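Trainee:
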Amino acid sequence: MKFGVSVFVFTRDLRIEDNVGLVSACASSDVVIPCFVLNPKIQDSYRFRFLLDCIEDLKNEFTKRKAALHVLYGNYTQALQQISKMQKIDAVFANQDYTPFAKKRQDQITYFCTTNNIPFHQYVDHLMYDPNMIKTQEGKPYSVFSQFFRTAIQIPVAKPQQNEFTNFHARLIDDYFASSDHTIPIKGGRKSALQILKSIKNFADYEAKRNYPMYQTTMLSAHSRFGTVSVRELYHTISENLGMHHTLVNEIHWKEFFSHVLYHFPHVTKGAFRKNLSVTPCKHNKAHIDAWKNGRTGFPIVDAGMRELNNTGFMHNRIRMIVASFLSKDLHADWKIGERYFAEKLIDYDLAVNNGNWQWAASTGCDAQPWFRVFNPWLQQKKFDSECRYIKKWIPELEKLSAEKIHRLESESFDVDYPRPIVDHAEESKIAKQMFRQETR
1 MKFGVSVFVF TRDLRIEDNV GLVSACASSD VVIPCFVLNP KIQDSYRFRF
51 LLDCIEDLKN EFTKRKAALH VLYGNYTQAL QQISKMQKID AVFANQDYTP
101 FAKKRQDQIT YFCTTNNIPF HQYVDHLMYD PNMIKTQEGK PYSVFSQFFR
151 TAIQIPVAKP QQNEFTNFHA RLIDDYFASS DHTIPIKGGR KSALQILKSI
201 KNFADYEAKR NYPMYQTTML SAHSRFGTVS VRELYHTISE NLGMHHTLVN
251 EIHWKEFFSH VLYHFPHVTK GAFRKNLSVT PCKHNKAHID AWKNGRTGFP
301 IVDAGMRELN NTGFMHNRIR MIVASFLSKD LHADWKIGER YFAEKLIDYD
351 LAVNNGNWQW AASTGCDAQP WFRVFNPWLQ QKKFDSECRY IKKWIPELEK
401 LSAEKIHRLE SESFDVDYPR PIVDHAEESK IAKQMFRQET R
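Just so you know, we're using full-length UniProt numbering here: the sequence shown kicks off at 1 and counts up by one.
#1: What residue range does the alpha helix (DSSP H) around residue 204 cover?
#2: What first and last residue would you give for the beta strand (DSSP E) that runs through residue 300?
#3: Restricting to Cα atoms, I'd like to know which of 237, 2 and 154 is closest to residue 198.
#4: Please go through the same chain and pick out, in chain order, the residues whose beta-carbon is closer than 7 Å to the beta-carbon of residue 422, but skip the five residues on each side of it.
#5: Is the beta carbon of residue 209 sitting closer than 7 Å to the one on residue 241?
#6: Can you tell me where the beta strand (DSSP E) holding residue 29 begins and where it ends?
#7: Pick from 166, 370 and 390: whose alpha carbon is nearest that of residue 68?
#8: At a cut of 8 Å, does the stretch 329-348 reach the stretch 380-388 through at least three beta carbon pairs?
#9: Where DSSP assigns a beta bridge to residue 6, which residues make up the other side?
#10: Are there three or more Cβ pairs, one per stretch, closer than 8 Å when the stretch 317-328 is compared with the stretch 400-414?
#11: Helix, strand or coil: which one does DSSP assign to residue 323?
#12: Pick out whichever of 405, 360 and 132 has its Cα sitting closest to the Cα of residue 268.
#13: On the CB-based measure, 16 or more other CB atoms within 10 Å of its CB, does residue 294 come out buried or exposed?
#14: DSSP puts residue 142 in a beta bridge; with which residues?
#15: Got a sec? Which residues, its chain only, sit under 6 Å from residue 61 by beta carbon, not counting five neighbours each side?
#16: Can you list, in chain order, the residues of its chain with a C-beta nearer than 7 Å to that of residue 426? Leave out the 5 residues immediately preceding and following it.
#17: For residue 369, is the classification buried or exposed, using 16 other Cβ atoms within 10 angstroms of its Cβ as the cut-off for buried?
#18: Does the contact criterion of 3 or more C-beta pairs under 8 Å hold for the stretch 43-55 versus the stretch 17-24?
#19: Quick check on residue 106: does DSSP put it in helix, strand or coil?
#20: By DSSP's criteria, residue 122 is part of a beta bridge. Which residues make up the other side?
#21: Taking residue 74 as the reference, give the member of 105, 304 and 55 with the closest Cα.
#22: Is there contact between the stretch 399-406 and the stretch 342-362, where contact requires at least three CB pairs shorter than 8 Å?
#23: Pop quiz: residue 3 and residue 35 are said to be a contact at Cβ under 8 Å. What is the actual Cβ separation, rounded to whole angstroms?
#24: In three-state DSSP terms, what is residue 71?
#25: Shortest alpha-carbon distance to residue 24 belongs to which of 82, 64 and 168?
#26: What residues match up with residue 168 in a beta bridge as DSSP calls it?
#27: For my contact list, residue 239 and residue 249 are in at a C-beta cut-off of 8 Å; report their separation, rounded to the angstrom.
#28: Would you mind stating whether residue 429 and residue 374 have Cβ atoms separated by less than 7 Å?
#29: On the three-state DSSP scale, how would you describe residue 435?
#30: Where does residue 186 fall in DSSP's three states?
#31: By how many angstroms is the C-alpha of residue 222 removed from the C-alpha of residue 327?
#32: Here's a check: name, in chain order, each residue in its chain whose Cβ is nearer than 8 Å to the Cβ of residue 337, leaving out the five neighbours to either side.
#33: What are the boundary residues of the alpha helix (DSSP H) that includes residue 254?
#34: Hey, could you find the ends of the alpha helix (DSSP H) residue 76 is sitting in?
#35: Going straight from the alpha carbon of residue 349 to that of residue 306, what length do you get?
#36: Mind checking which residues open and close the alpha helix (DSSP H) that includes residue 353?
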C-alpha cells in the first residue's frame, strides 16, 4: 500500500543507512517526515552528551539530502499530535524495541494511531534475529548462551542495505534545542562509528588484550546502543575483516542473547532470572554502598573502575565484572542497586545487556557465573593491572606508591590519603558462598 505522508520515529537507530524501518517507510510513502523525541529523564548524563552528538550527526546527514530531522520533546503521543497539526499523517513507521520503556513508547504511538485511524508499522532492526526465530527443538527460548550461539551462528545475517531514497520532508516542523556540558571519551554519531569500523583490523589481537583495562577497546558498544551503525554492519564488517570466529562476533551474540532473554523472560527486569537464587542480602550497609559508588572502598581496582565510570560514563568490561562481583559478593548488597547505578552513569547503557551482566556477576541470571566463584579483587588487579597504570590513572592518591606497595594494601598501610579496605575479602567471600549454599539446598 502506498501512503502519502508518513512519519518515521527514530529511537535506537540513529542512522539513515541500513535502517529497515526507515527504508520501508521511504519505499511505501510519497514523503517521509523523520523525527526524534527526546526523553527528558536522561538530560543530565554522559549518555545525553553522546546522544546529542548522534542527533547532530544525523541532522547533518539529512541536510545533505536537502531534508530535515524534526527533534521534539515530551511523550510520543504529544509529539505526533504536534506534527499532525502541521501536516496530515497517513502512516507511522518505527523499528521494534523490547524494553519496558520501549513498550510504553509503542503504546503511546499506538494510541495516537488508533485514535486517528492511522496504520502503525514496526520492523525488526535492532537485532540480527527476530526474538521468536531462535528456539530449542521443543520450541522454547534458550537460556544457555553456548546453545543459543550454536543455533544463531548458523542463520545467515542479512547484508546491510543502502538507503538511496531522498523523499524526505524538507520543511522543519520543530527542533527542540538541548545542550550538555559533559565531556566524554568518545564522540557520538555515525561518522565516528564508521571511523572505528574502518580501522577494525587493528583489533585482530582483541582476544589476547581485551581483559587489560589500559587496552583501548573498540568503544563500539555505545554506537551499537544508539544504532549509529546497524548490527548487520557490525557483524559483516567484523566477520569479513577478522573472521567468523573472532571474539567480537561472539560479543555481538552475547548482546543478542541477553536481548532474547529480556524478551522471553521479562521478569528479569524486576528480579533474579533463577528465582531459587534470589539471595536476600545479609547486609545492606549504606556507608559501604556509598563507598562503592564513590570509589572509596580501599580496593584499588574497584575504586579505579568506579571513578572512571563517574568521570567518563565508561568502564572497561573486565572492570565491570570486578566491581559487580565486589558489590554483590563482598558487600552482599542487592545487585539491583548496582544495575540501577550503571543505568544512570553508562553511556552505552542497554537494559538487556546491563541486566544480563549484573545477573551474571551476582550468579542469579541464566548461564551465570557459578555462585561458588567469587572474584578476588586483589588477584584481579595483579593479573590485569600488574604495573598499576590503570589504578594510578584514576586514583592520584596512589600515584607515588610503587605497584608492589599498591598490591600490598590488602594487609599493609602506607602514608597515603587513601582508605583502608572496608571489608576483608576472604571473610566476605566465605559468607557469600554460605548464603548461596543455603539457597541451593
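Just so you know, even glycine gets a beta-carbon here, dropped at the ideal spot from N, CA and C. Here the structure is a predicted model, which is why all the values come from computation and not from measurement.
Mentor: Checking against the coordinates, here is how it stands:
#1: Run containing residue 204: none; DSSP gives neither H nor E here.
#2: Where residue 300 is concerned, there is no enclosing beta strand (DSSP E), although the alpha helix (DSSP H) it sits in stretches over 300-312.
#3: 237
#4: 288, 291, 297 and 298
#5: no
#6: 29-38
#7: 166
#8: no
#9: 32 and 91
#10: no
#11: helix
#12: 360
#13: exposed
#14: Residue 142 is not bridged to any residue.
#15: 16
#16: none
#17: buried
#18: no
#19: helix
#20: 94
#21: 105
#22: no
#23: Going by Cβ atoms, the distance from residue 3 to residue 35 rounds to 16 Å, so no, they are not a contact pair.
#24: strand
#25: 168
#26: 32
#27: 6 Å
#28: yes
#29: helix
#30: coil
#31: 24 Å
#32: 289 and 327
#33: 247-264
#34: 76-86
#35: 15 Å
#36: 351-362
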